[in-house]
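All remarks here apply to the structure that follows.
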Amino acid sequence: MKDINKLILLPMTVLLGASLVFGGCTAAKKPEPTTPAPTTPRATTPAPGYPREVADRTVSEANKVNGVRGCTAVVSGKNIYVGLDLNSNLEKNKSVAVEKEVLDRVKKKEGNYMVTVSSDVDTVTRIKKVSQGVAAGKPIESFDQEMRDIGNRLQPKTK
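Here the sequence shown stands for residues -23 to -1, 1 to 136, where the numbers follow mature numbering (1 follows the signal peptide of the UniProt record, and there is no 0).
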């Protein structure tokens, strides 16, 4: 009887040990991380309804003025905000005259708009930021706070 118990007990022990080694000692499988859905690239054209041609005409007209090295314009509603990059050798009184000339030329070209012109570096940087955002396809409405800040900083210089 002892021999029969040994014959049954020995294979059972080996079977139990093998099942523990091969089945019980595997690492727990972790779920694979989900990959985010691909995002569609943003449009690179201005949002529909933005008067890009008005801004382009404004920039073209401002760049014709002697003393203007570069120009950026943003149209918001019935307002045109013009940021001027003036030649570095201009004196303060000359820069005011250049701003006035740009204002007059743009107002003559775009009479239905309230035109605001600035050569202040901080204001010009803000106008450029908005212009680049609109050119990248963001709606002008997404820059409402920035446009309010620009408008509050500037006193309109109209005819």
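Using N, Cα and C, we set each Cβ at its ideal position, and we do this for glycine too.
Outcome for residue i when other beta-carbon atoms lying within 10 angstroms are tallied against a minimum of 16
i	result
residue 102	exposed
residue 35	buried
residue 104	buried
residue 38	buried
residue -20	exposed
residue 143	Nothing in the structure corresponds to residue 143, since the chain is present only between -23 and 136.
residue 96	buried
residue 120	buried
residue -4	exposed
residue 92	buried
Distance between residue j and residue i (C-alpha atoms, nearest Å)
i	j	result
residue 108	residue 13	31 Å
residue 124	residue 90	15 Å
residue 8	residue 116	40 Å
residue 46	residue 65	9 Å
residue 87	residue 30	11 Å
residue 60	residue 6	60 Å
residue 68	residue 44	11 Å
residue 53	residue 33	14 Å
residue 79	residue 42	7 Å
residue 136	residue 114	In this predicted model, residue 136 has a pLDDT of only 46, less than 50, meaning its place in the structure is not dependable; the value taken from the coordinates is given anyway. For residue 136 and residue 114, the distance between alpha carbons rounds to 33 Å.
residue 84	residue 11	56 Å
Residue span of the alpha helix (DSSP H) that contains residue i, given as start and end
i	result
residue 123	121 to 130
request  = Give, in chain order, every unbroken run of the beta strand (DSSP E) that is at least 3 residues long and sits entirely within the stretch 33 to 65.
outcome  = Runs found: 45 to 53 and 56 to 63.
query = Where are the alpha helix (DSSP H) runs, 4 residues long or more, that stay fully inside the stretch 79 to 116, in chain order?
reply = The stretch 79 to 116 is shown to contain whole alpha helix (DSSP H) runs of 4 or more residues at 98 to 112, in chain order.
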